[in-house]
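Undergrad: Have a look at this one before I ask anything.
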Amino acid sequence: MQQQQEFRAEAGAIAGHLGTCWSCKGPADESAVLCPTCGAVQPPGQLDHFARLGLNVGFDVDSAALDRHYFDCQRLLHPDRFATRTPRERALSQSQAVSINQAYETLKDPLKRADYLVHLKGSGVLHEGCNLVNDQDLLTESLELREALADAETPAEVEALARRAAADVQGCIRALSEIFAKDDLEEACRLTTRLKYLRKLVDECRLRRGRMTGGE
Amino acid sequence: MQLLQIHEPGETPQPHEDDASLAVGIDLGTTNSVVAVSNGGETEVLRDENGLALVPSVVAYAPDGSAIVGELARRLLLDRPEVVVSSVKRLMGRGVEDIKGLGGILPYEVEARKEGASGMVRLLVAGHSLSPVEISSEILKALKARAEDHLGRPVTRAVVTVPAYFDDAARTATKDAARIAGLEVLRLVNEPTAAALAYGLDESAEGVYAVYDLGGGTFDISLLRMEKGVFQVLATGGDSALGGDDFDHAVAEHFLAERRDGLGTETLTTSEVKLALTSARLAKECLSRQDAGEWAMEIDDKQTLHRLQRSRLEELIAPLVERTIRVCRSVLDDAGIDATDVNGVVLVGGSTRVPLVRRRVAELFGREPLADINPDEVVAVGAALQAEALTVGSDTLLLDVTPLSLGIETMGGLVEKIIPRNTPIPVARAQEFTTYQDGQSAMAIHVLQGERELADQCRSLARFELHGIPPMTAGAGRIRVSFAVDADGLLTVSASEQVTGVEQQVAVKPSYGLSEDEMAEMLYDSMENAADDMQRRILTEARVDARRVLGAVASALAADGDLLEAGESTSIAEAMAIVERSIAGDDRDAIIAAVEALEKATLGFAERRMDRGIRSALRGHDLRDFEEAAPAVTDSDP
């Protein structure tokens, strides 16, 4: 009996992550969100964020399509759909919704998306790459911008810096799109780090301007 | 839903048909509360015999501890202020320390904290010591009773709304109050989101909407994207201690200052403060309709007259209104949206009747705000729609966010954010921390909510300790702290040591919540039929699960019926019939036993289904993969 179960698990793995539906006990692919036979909600499997939302892997994501897929997934799996079901189904739908939200949050934001994609494609190799400042040009650029912000005395000066940083962010995102298309991971990693710095600068400009204009 | 269509007509009842009570929507407000019910998309706000929907959130206590709620209690506010509590919502989930700052505003007698009691503040009313949760539960009981009168049947389930900016402690306190009132909370829904739902369905609105909700004691601003039945909150902000009450307070201060000018300094009792606040409220409401008026105040048999112009009122409350406008700006900033990109502004809450508020909101967004649905009732309407969606089903989807960042205290009293504000819920995040001392065997975990960088400036939600960490050098022990926020916005925290797997989990409750003992006692005290209620609930749960199993087996039979062996069909059908009969009865143990028997009867069938699934999945795979597993296939498949 136990041997049989072990065999099933093994054969299931060979057969492409075939699992057992917890509710009807029949076969269900581990990537399926609902059991194909009985419709019961399944635990979220190990899927990358793109696959979870039914999108192709790549840096260019159409935000309207992303939203549409996200809403479709949540319509099916959000805990509100399971409010009167068994505690187990409620818990599973919550795990599913958590995974969907995480995928959406990651893919919606170009910086998080780039960071995720570098790790997804480069697996462990580049794990530290995007967090290390080992690029002299990048360091110099970031320091100069920061100094300029520290020296800015009027809201107009801060505003000008903020506009420049925002334009650089857009440029960086365009460059990322081209580099990912070429699969140049090393350069993608460098640009991702640059995007991180530029984003921080935009935030700091915002804070600074807020303080100058007497907001919170 | 799909599952049921597989059954023969009449074979299996609709889920919950027998357990069904309609679920209601409740707006539990600072000043007034409203209950509504939706049936087939038709929403009805439940009114009293005089046609009034608003139940004043005021509770009066008799010497024997029994409570009166609503208009009657509100009238007692003037004559017997010492036995009446109003605006209790402002105290939900608050500790004694929290409300010191509100001391001037809140006319309450606060009980000094007793040793060993939970951190929740308690009030002294008519000689009784009461927690805000108990007082709120009286309001909820009154709303439940109104709904039961109208519907002619028991009401046990509700969607209850809370300010979007309510923190975890206040949300938990609200849920506890409902439980004490005998209501199962299907979902806590944020007030602005509920209002948007009411508007969205009525007007099939599309685009980005701002909901500006200024109630008696709380302020919320939410930005939502609405499209094709989806209500996606983009960002939310607010102030859970700012509302019309503060307007009243500003006016009352003004009146009392005028009195001092005429009569000299007086010492006022709590009751007299309540009186001044009542006059102030009347003045404020009146000046929303007319330009000037005169009000009389009589304290200690000395009457004073106070003339007030609308322009002067606006000067008094302008700083408060500007605070709300500043919050609106920062929420727009958070969402990365320009005020001019907002397609519509919805006003919610009684305090949005104040002309200055309307004017400032219109100026900020550059458009006239919508107030077509009564701002006092719109939240309850949305809650009722959501209650129906949760019980009957619907295509609408509410996607909400966390209003405040959640994190833990790290070295040096700093806060490490784990879940930032405006993250879509439900959400789960984890972060690893390392031990900082050689041989450290425990780690204190302090859970915080708020935007500030220092721990003592954020709201403390809970403290707990992870024990049993094996001795290691500093930095070698890795502690993983996981945060999970559910669709109600409630947080659960767990911590585990990664090397050995020592684990601890807490539903965040302690700091300002009720202790389990207090909760148990209240349930015992307040519900004569607490035991019945519990019995009914576990019976319902067993039925729900039994129906799930019936549905699952029926689906499996429909899909793979050809795999049944001789006689199996009959034995499974019999086991199913026994489950059906047990569901019709009231014996929970019998239901569970019948379900177990059915699962046993289908065991062999389930295994054959799995084998077939594997075989069909293996088809087309590499021959060598198959051969490795092949001997086992013959073994298991004689």
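Sequence order for the protein chains is E and X. My numbering puts the first residue of the first sequence at 1, with every later residue one more than the last. My numbering puts the first residue of the second sequence at 1001, with every later residue one more than the last. Beta carbons are placed, not taken as given, at the ideal position from N, Cα and C, and that holds for glycine.
Which residues, in order along the stretch 18 to 35 of chain E, keep a beta-carbon less than 7 Å from a beta-carbon of chain X?
TA: Leu18, Thr20, Ser23, Cys24, Lys25, Gly26 and Pro27
Undergrad: Name the one or two DSSP bridge partners that Met1443 (chain X) has.
TA: Residue numbering aside, residue 1443 (chain X) sits at position 443 when the second sequence is read from its first letter. Its beta-bridge partners are X:Leu1466.
Undergrad: May I ask which residues mark the beginning and end of the beta strand (DSSP E) holding Val1035 (chain X)?
TA: Translated into positions along the second sequence, residue 1035 (chain X) becomes position 35. Asn1032 to Asn1039 is the span of the beta strand (DSSP E), which, as asked, contains Val1035 (chain X).
Undergrad: Distance cutoff 8 Å, beta carbons only. Does Gly215 (chain E) sit that close to anything in chain X?
TA: For this step, residue 215 (chain E) is matched to residue 215 along the first sequence. Since pLDDT at Gly215 (chain E) reaches only 45, below the 50 mark, its modelled position is unreliable, and the value read off the structure follows with that caveat. At least one chain X Cβ lies under 8 Å of Gly215 (chain E).
Undergrad: Check the Cβ of Pro1319 (chain X) against every Cβ in chain E and list those closer than 9 Å, keeping chain order.
TA: On the second sequence, residue 1319 (chain X) is found 319 positions in, with the first residue counted as 1. Those within 9 Å of Pro1319 (chain X) in chain E number zero; the least Cβ separation is about 14 Å.
Undergrad: Mind reading off the beta-carbon distance from Val1160 (chain X) to Ile1026 (chain X)? Whole number of angstroms is fine, and I expect it under 8 Å.
TA: Position 160 of the second sequence, counting from 1, holds the residue named residue 1160 (chain X). Position 26 of the second sequence, counting from 1, holds the residue named residue 1026 (chain X). In this structure Val1160 (chain X) is in contact with Ile1026 (chain X), their Cβ atoms being roughly 5 Å apart against a cut-off of 8 Å.
Undergrad: Identify the residues that DSSP records as bridge partners of Arg1157 (chain X): which are they?
TA: Position 157 of the second sequence, counted from the first residue, corresponds to residue 1157 (chain X). Answer by DSSP bridge pairing, in chain order: X:Glu1184.
Undergrad: Residues of chain E with CB under 8 Å from Pro1424 (chain X), in chain order?
TA: Translated into positions along the second sequence, residue 1424 (chain X) becomes position 424. Those within 8 Å of Pro1424 (chain X) in chain E are Asn101, Tyr104 and Glu105.
Undergrad: Quick check on the burial criterion: 16 or more other C-beta atoms within 10 angstroms. Buried or exposed for Leu1618 (chain X)?
TA: Reading the second sequence from its first residue, position 618 is the one you call residue 1618 (chain X). It is buried - the Cβ of Leu1618 (chain X) has at least 16 other Cβ atoms within 10 Å.
Undergrad: Taking C-beta pairs closer than 9 Å, name the residues in chain B that Thr1391 (chain X) reaches, listed in chain order.
TA: The structure shown contains no chain B; the protein chains it does contain are E and X.
Undergrad: Under 9 Å, CB to CB, which of the residues in the stretch 39 to 54 of chain E have a partner in chain X?
TA: Under the 9 Å Cβ criterion, the stretch 39 to 54 of chain E contributes Gly39 and Ala40.
Undergrad: May I have the straight-line CA-CA distance separating Ala1371 (chain X) from Gly1382 (chain X), to the nearest angstrom?
TA: Position 371 of the second sequence, counted from the first residue, corresponds to residue 1371 (chain X). Position 382 of the second sequence, counted from the first residue, corresponds to residue 1382 (chain X). If you take the alpha carbons of Ala1371 (chain X) and Gly1382 (chain X), they lie about 14 Å apart.
Undergrad: At a Cβ threshold of 8 Å, is Leu1550 (chain X) touching chain E?
TA: Position 550 of the second sequence holds residue 1550 (chain X). No, because no Cβ of chain E sits closer than 8 Å to the Cβ of Leu1550 (chain X).
Undergrad: With DSSP as the reference, please indicate the residues paired to Ala1235 (chain X) in a beta bridge.
TA: Taking the second sequence and counting its residues from 1, one reaches residue 1235 (chain X) at position 235. BP columns for Ala1235 (chain X) point to X:Leu1223.
Undergrad: Compare the Cα-Cα distances from Ala1601 (chain X) to each of X:Thr1410, X:Gly1585 and X:Gly1567 and report the closest residue.
TA: Walking along the second sequence from the start, residue 1601 (chain X) turns up at place 601. When each option's Cα is compared against that of Ala1601 (chain X), the closest is X:Gly1567.
Undergrad: According to DSSP, which residues form a beta bridge with Ser1616 (chain X)?
TA: One-based indexing of the second sequence puts residue 1616 (chain X) at position 616. DSSP output for Ser1616 (chain X) lists no bridge partner at all.
Undergrad: When you compare the stretch 1555 to 1572 of chain X with the stretch 1597 to 1616 of chain X, are there three or more beta-carbon pairs, one atom per stretch, that lie closer than 8 Å?
TA: With the rule of 3 Cβ pairs closer than 8 Å, the stretch 1555 to 1572 of chain X counts as touching the stretch 1597 to 1616 of chain X.
Undergrad: At a cut-off of 7 Å, would you count Ala1145 (chain X) as near the ligand HEM, judging by its Cβ distance to the nearest heavy atom?
TA: In the structure on display, the ligand HEM does not appear, and there are no ligands present to speak of.
Undergrad: Taking Met1120 (chain X) as the reference, give the member of X:Ala1170, X:Glu1465 and X:Val1321 with the closest Cα.
TA: As a first step, residue 1120 (chain X) must be located in the second sequence, where it is residue number 120. It is X:Ala1170.
Undergrad: Anything in chain X within Cβ reach of Ala166 (chain E), meaning under 7 Å, just list it in chain order.
TA: Taking the first sequence and counting its residues from 1, one reaches residue 166 (chain E) at position 166. Close partners of Ala166 (chain E) in chain X (Cβ separation under 7 Å) are lacking, with about 11 Å as the shortest Cβ gap.
Undergrad: Spell out a yes or no on whether the stretch 1147 to 1159 of chain X and the stretch 1079 to 1089 of chain X are touching, meaning 3 or more CB-CB pairs, one atom from each, closer than 8 Å.
TA: no
Undergrad: Could you tell me the alpha carbon to alpha carbon distance between Ile1578 (chain X) and Ile1591 (chain X), rounded to whole angstroms?
TA: As a first step, residue 1578 (chain X) is located in the second sequence; it is residue number 578 there, counting from the start. As a first step, residue 1591 (chain X) is located in the second sequence; it is residue number 591 there, counting from the start. Distance from the CA of Ile1578 (chain X) to the CA of Ile1591 (chain X), rounded to the nearest whole angstrom, comes to 9 Å.
Undergrad: Between the stretch 56 to 64 of chain E and the stretch 75 to 83 of chain E, do at least 3 Cβ pairs fall closer than 8 Å?
TA: no
Undergrad: If contacts are defined as beta-carbon pairs under 8 Å, then Val1348 (chain X) and Val1211 (chain X) qualify, I think. What distance do you get, rounded to the angstrom?
TA: Residue numbering aside, residue 1348 (chain X) sits at position 348 when the second sequence is read from its first letter. Residue numbering aside, residue 1211 (chain X) sits at position 211 when the second sequence is read from its first letter. The Cβ separation is near 6 Å, so the contact holds.
Undergrad: Is it the case that the Cβ atoms of Arg1548 (chain X) and Ser95 (chain E) are separated by a distance below 8 Å?
TA: Taking the second sequence and counting its residues from 1, the one referred to as residue 1548 (chain X) is at position 548. Taking the first sequence and counting its residues from 1, the one referred to as residue 95 (chain E) is at position 95. Taking the C-beta atoms as reference points, Ser95 (chain E) is found no nearer than 8 Å to Arg1548 (chain X).
Undergrad: With respect to the beta strand (DSSP E) encompassing His119 (chain E), which residues constitute its N-terminal and C-terminal limits?
TA: Within the first sequence, the letter at position 119 stands for residue 119 (chain E). Looking at the DSSP string, His119 (chain E) is not in any beta strand (DSSP E); the run it does join, the alpha helix (DSSP H), is Pro110 to Gly122.
Undergrad: Is DSSP giving Asp1027 (chain X) helix, strand or coil here?
TA: The residue labelled residue 1027 (chain X) in the question sits at position 27 within the second sequence. In this structure, Asp1027 (chain X) counts as strand in the three-state DSSP scheme.
Undergrad: Just mark His1306 (chain X) as buried or exposed, buried being the case when its beta carbon has 16 or more other beta carbons within 10 Å.
TA: Position 306 of the second sequence, counted from the start, is the residue given in the question as residue 1306 (chain X). Answer is buried; the Cβ neighbour count reaches 16.
Undergrad: How should Ser99 (chain E) be labelled, buried or exposed, when 16 other C-beta atoms within 10 angstroms of its C-beta is the threshold for buried?
TA: Locating residue 99 (chain E) in the first sequence gives position 99, counting from the first residue. With 16 or more other Cβ atoms within 10 Å, it is buried.
Undergrad: Excluding sequence positions up to five away, which residues of its chain have a Cβ less than 6 Å from the Cβ of Arg206 (chain E)?
TA: Within the first sequence, the letter at position 206 stands for residue 206 (chain E). No residues qualify anywhere along the chain.
Undergrad: Could you check the C-alpha separation between Gln1014 (chain X) and Thr1391 (chain X) for me, to the nearest Å?
TA: Here the question's residue 1014 (chain X) lines up with position 14 in the second sequence. Here the question's residue 1391 (chain X) lines up with position 391 in the second sequence. Because the pLDDT of Gln1014 (chain X) is 42, which lies under 50, any placement of that residue in the model is unreliable, and the question is left without a value.
Undergrad: Is it buried or exposed for Ile1105 (chain X), if we count other Cβ within 10 angstroms and need 16 for buried?
TA: For this step, residue 1105 (chain X) is matched to residue 105 along the second sequence. Only weak support exists for where Ile1105 (chain X) lies, its pLDDT of 49 falling under 50; the value from the coordinates is given anyway. Ile1105 (chain X) sits buried, since 16 or more C-beta atoms from the chains shown fall within 10 Å of its C-beta.
Undergrad: Checking 8 Å against the spacing of the C-beta atoms, do Ala1142 (chain X) and Val1208 (chain X) come in under that value?
TA: Translated into the one-based positions of the second sequence, residue 1142 (chain X) becomes position 142. Translated into the one-based positions of the second sequence, residue 1208 (chain X) becomes position 208. No, they are not a contact pair.
Undergrad: Compute the distance between the beta-carbons of Glu1138 (chain X) and Leu1123 (chain X), then report whether it is under 8 Å.
TA: Mapped onto the second sequence, residue 1138 (chain X) falls at position 138. Mapped onto the second sequence, residue 1123 (chain X) falls at position 123. Against a cut-off of 8 Å, the Cβ pair of Leu1123 (chain X) and Glu1138 (chain X) comes out as no contact.
Undergrad: Counting only beta-carbon atoms, is Thr1406 (chain X) nearer than 8 Å to chain E?
TA: Along the second sequence, one-based indexing puts residue 1406 (chain X) at 406. Looking at the sequence shown, residue 1406 (chain X) is not Thr but Leu. In terms of beta-carbon proximity, Leu1406 (chain X) stays away from the interface with chain E, with every pair separated by 8 Å or more.
Undergrad: Would you say Glu1227 (chain X) and Glu1253 (chain X) are within 8 Å of each other, going by their C-beta atoms?
TA: As a working note, residue 1227 (chain X) is residue 227 in the second sequence. As a working note, residue 1253 (chain X) is residue 253 in the second sequence. Going by C-beta atoms, Glu1227 (chain X) is not nearer than 8 Å to Glu1253 (chain X).
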